[in-house]
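Worksheet for the structure shown next.
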Amino acid sequence: DSGVTQTPKHLITATGQRVTLRCSPRSGDLSVYWYQQSLDQGLQFLIQYYNGEERAKGNILERFSAQQFPDLHSELNLSSLELGDSALYFCASSVGGIDTEAFFGQGTRLTVV
Amino acid sequence: GDSVTQMEGPVTLSEEAFLTINCTYTATGYPSLFWYVQYPGEGLQLLLKATKADDKGSNKGFEATYRKETTSFHLEKGSVQVSDSAVYFCALSDYMNTGFQKLVFGTGTRLLVSP
């Protein structure tokens, strides 16, 4: 158990819909990362938050957004969903800063039908 | 940008065989290098890491040495077990101008070990 909790584990939704994925980081970790894992793209970095502030953006679509709340949990919002958004979405947390180990949650498997 | 290339899988071995999974990287700076493992239905777990050239990371019988001259970080294990069957990801830390890092992953290599 990494200490990072992601909910829900599985999500099936229709095209055009909006979903919210939730992540609770390890106790004491201030940094939260979101990654997307798909068969054709592999593991792609989406976005990072540190202590409530966005710190870096990767290959995140404009239809996607995220935030980190004062209690440090984070949510990833995916809207106007397309079939190609079907993937495993991972959250990871770390203390923050250089070379600190990232701990991954078990992921949320999103299926868009 | 920085990138990681690792060998295609699956790698199929018998128990107690020697394992090598190749990983090479391209980076403008001096990244830290990592191997993560993903067991079926689970998230990624850090297996080992090395933060500078010639460092050797090791854990659970797995080893990898940071080779700057060949830009490689090959994963090895002397004797694999059925329980090592998983997907292995090589990764590097890409330092962003914010002072934080993100991980850049290879495509993953599936290892299948048979009894």
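Order-wise, the sequence lines are chains W and L. Note that my numbering has the first sequence beginning at 1268, numbered continuously upward. Note that my numbering has the second sequence beginning at 14, numbered continuously upward. By construction, the Cβ of each residue, glycine as well, lies at the ideal position given by its N, Cα and C atoms.
>> If contact is defined by three or more beta carbon pairs under 8 Å, each pair taking one atom from either stretch, is the region 1358-1377 of chain W in contact with the region 1288-1302 of chain W?
In response: yes
> Should P128(L) go down as buried or exposed, given a rule of 16 or more other Cβ atoms within 10 Å for buried?
Replying inline: Numbered from its first residue, the second sequence carries residue 128(L) at position 115. Classification of P128(L): exposed, given that the 10 Å Cβ count is below 16.
>> By the DSSP assignment, the beta strand (DSSP E) with Y79(L) in it spans what residues?
In response: Residue 79(L) sits at position 66 when you count from the first residue of the second sequence. Premise fails: Y79(L) is in no beta strand (DSSP E) and is neither H nor E.
>> Can you give me the C-alpha to C-alpha distance between Q19(L) and G1309(W), rounded to a whole angstrom?
In response: To locate residue 19(L), count along the second sequence from 1; it is residue 6. To locate residue 1309(W), count along the first sequence from 1; it is residue 42. Straight-line Cα distance between these residues: approximately 12 Å.
> Taking any Cβ of chain W, which residues in the region 55-82 of chain L have a Cβ under 9 Å from it, in chain order?
Replying inline: E55, G56, L57, Q58, L59, K62 and T64
> Among V1286(W), Q1304(W) and G1372(W), which residue has its Cα nearest to the Cα of L1348(W)?
Replying inline: Against the first sequence, residue 1348(W) aligns to sequence position 81. If we check each option's Cα against that of L1348(W), V1286(W) comes out closest.
> To which residues of the same chain is Y49(L) closer than 7 Å at the C-beta, ignoring the five residues directly before and after it?
Replying inline: Residue mapping note: residue 49(L) aligns to position 36 of the second sequence, counting from 1. If we look at Y49(L) and ignore the five residues flanking it on each side, its Cβ neighbours are L57, Q58, L59, L60, F102 and A104.
> Quick one: does the C-beta of G54(L) sit closer than 6 Å to a heavy atom of the ligand ADP?
Replying inline: Judged by which ligands are present, the structure shown has none, so any question about the ligand ADP falls away.
> Just by C-beta distance, which residues in the region 1269-1286 of chain W are closer than 7 Å to chain L?
Replying inline: S1269
> How many whole angstroms separate the CB atoms of V126(L) and V95(L), which I take to be in contact at a CB cut-off of 8 Å?
Replying inline: As a working mapping, residue 126(L) is identified with position 113 in the second sequence. As a working mapping, residue 95(L) is identified with position 82 in the second sequence. The beta-carbon distance between V126(L) and V95(L), rounded to whole angstroms, is 5 Å. This is short enough to meet the 8 Å contact definition.
> By the criterion of Cβ-Cβ separation under 8 Å, what are the contact partners of T39(L) in chain W?
Replying inline: Counting from one through the second sequence, the residue named residue 39(L) turns up at place 26. None at all; the shortest Cβ gap to chain W is about 15 Å.
> Out of S98(L), H87(L), G91(L) and S92(L), which has the shortest C-alpha to C-alpha gap to V17(L)?
Replying inline: For this step, residue 17(L) is matched to residue 4 along the second sequence. When only C-alpha atoms are compared, the closest one is H87(L).
>> Just list the residues that DSSP pairs K73(L) with in beta bridges.
In response: Start at 1 with the first residue of the second sequence, and residue 73(L) comes out as number 60. BP columns for K73(L) are empty, so no partner.
> Is there contact between the region 39-55 of chain L and the region 1319-1329 of chain W, where contact requires at least three CB pairs shorter than 8 Å?
Replying inline: no
> Between S85(L) and K65(L), what straight-line distance do the alpha-carbon atoms span, to the nearest angstrom?
Replying inline: Counting from 1 along the second sequence, the entry for residue 85(L) is found at position 72. Counting from 1 along the second sequence, the entry for residue 65(L) is found at position 52. Each residue's CA atom was taken as its position, placing S85(L) and K65(L) some 12 Å apart.
>> Quick check: what's the CA-CA separation for T33(L) versus E89(L)?
In response: As a first step, residue 33(L) must be located in the second sequence, where it is residue number 20. As a first step, residue 89(L) must be located in the second sequence, where it is residue number 76. In a straight line, the C-alpha of T33(L) is about 5 Å away from that of E89(L).
> Which residue comes first and which comes last in the beta strand (DSSP E) that contains A66(L)?
Replying inline: Here residue 66(L) corresponds to residue number 53 of the second sequence, with the count starting at 1. Counting along the chain, A66(L) falls outside any beta strand (DSSP E), and DSSP gives it neither H nor E.
>> Run through chain W and tell me which residues come within less than 7 Å of T120(L), C-beta to C-beta.
In response: Residue numbering aside, residue 120(L) sits at position 107 when the second sequence is read from its first letter. G1309, listed in chain order.
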